[in-house]
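Colleague: The structure is given below, and queries will be raised subsequently.
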Amino acid sequence: IERAGGEITTVHYNRLALRALLKPEKFAGADGVDNEDEDGSGSDSSKPVVPRQAKPPPKLMPYYTSYDKRGYLSPLLQLKKIEERLGAIKVVEEDASASDASSSNKADA
6 IERAGGEITT VHYNRLALRA LLKPEKFAGA DGVDNEDEDG SGSDSSKPVV
56 PRQAKPPPKL MPYYTSYDKR GYLSPLLQLK KIEERLGAIK VVEEDASASD
106 ASSSNKADA
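Under our numbering, think of the first position of the sequence shown as 6, with each following residue one higher.
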């Protein structure tokens, strides 16, 4: 997979997190129903209440913190994710500043 350009990351899911991943419709709202306002837009209470992902048990921590095992808690892997997010933010900011500059040039003309 990696030779073809893909990535592998090992992630720990407890029973609740795995259920939320496989059956997200079960977590539609507090009462299990997607509530909508009169105008058809969902209120804040209708947002999916997905449980936070639990940390692995201490016995399994070395596996998920190992970069060699492609663990999601590996400091190097977390650093990569942060760099990707920052890169994406910079691209968005550059696009926004470029569009602002082009719109101000059109307004001047």
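Glycine is no exception: its CB is placed at the ideal position from the N, C-alpha and C atoms. A quick note: this is a predicted structure, and the numbers were derived from the prediction, not measured.
Identify, in the order they occur along the chain, each residue of the same chain with its Cβ nearer than 6 Å to the Cβ of residue 58, setting aside the five sequence neighbours on each side.
Modeller: For this step, residue 58 is matched to residue 53 along the sequence shown. Within the same chain, residue 58 has close Cβ partners 22.
Colleague: Taking the alpha helix (DSSP H) that residue 72 belongs to, which residues open and close that run?
Modeller: Here residue 72 refers to the residue found at position 67 of the sequence shown. Here residue 72 belongs to no alpha helix (DSSP H), and DSSP marks it neither H nor E.
Colleague: Can you have a look at residue 69 and say buried or exposed, based on whether 16 or more other CB atoms are within 10 angstroms of its CB?
Modeller: Translated into the one-based positions of the sequence shown, residue 69 becomes position 64. That one is buried.
Colleague: Which of the three DSSP states, helix, strand or coil, is assigned to residue 11?
Modeller: As a working note, residue 11 is residue 6 in the sequence shown. Three-state DSSP puts residue 11 in coil, outside helix and strand.
Colleague: Between the segment 63 to 77 and the segment 11 to 18, can you find at least three pairs of beta-carbon atoms closer than 8 Å?
Modeller: With the cut-off at 8 Å, the segment 11 to 18 and the segment 63 to 77 touch.
Colleague: Here's the rule I'm using: 16 or more other beta-carbon atoms within 10 Å means buried, otherwise exposed. How should residue 62 be labelled?
Modeller: For the purposes of this step, residue 62 is taken as residue 57 along the sequence shown, with counting starting at 1. The residue is exposed, with fewer than 16 neighbouring Cβ atoms inside 10 Å.
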